[in-house]
Amino acid sequence: MAVQKRFIAGAICPRCAEMDRIRSWEQNGIRYRECVSCDFFEQLPIEDESAPELSTRVNQPREEQTRQDIQTVKILDPKAR
Ligand SMILES: [Zn+2]
Numbered sequence: 711m712a713v714q715k716r717f718i719a720g721a722i723c724p725r726c727a728e729m730d731r732i733r734s735w736e737q738n739g740i741r742y743r744e745c746v747s748c749d750f751f752e753q754l755p756i757e758d759e760s761a762p763e764l765s766t767r768v769n770q771p772r773e774e775q776t777r778q779d780i781q782t783v784k785i786l787d788p789k790a791r
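Quick note, the working numbering runs 710 ahead of the 1-based positions in the sequence shown.
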């Protein structure tokens, strides 16, 4: 298991406010961040960040199309008669 821990250039630790002390690496679909100056440690799921966006993009156009169809019908009907 080769895990590359890389320093994030310009990153500021949210706890001790030191710059260039944050190391980041990814393992098993999780992104880890830690500070070498203090005890700051953070883990973020990588897969969960992209999954909700994909489902939202699929659902939104359908709702917009349905609303437009309903509005168009309501507007056109009175003019036609
Ligand atoms: Zn720190």
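The C-beta atom is built at its ideal place from N, Cα and C for all residues, glycine as well. This structure is a prediction, so every number in the text was calculated from the model and none was measured.
Remark: the C-beta of F717 is outside contact range of ligand 1, defined as less than 7 Å to any heavy atom. Closest by C-alpha distance to Y742, out of P755, C723, A721 and E728, is P755. Distance from the CA of K715 to the CA of A721, rounded to the nearest whole angstrom, comes to 14 Å. No heavy atom of ligand 1 is found nearer than 7 Å to the CB of S734. A distance of 8 Å or more separates the beta carbons of F751 and C723.
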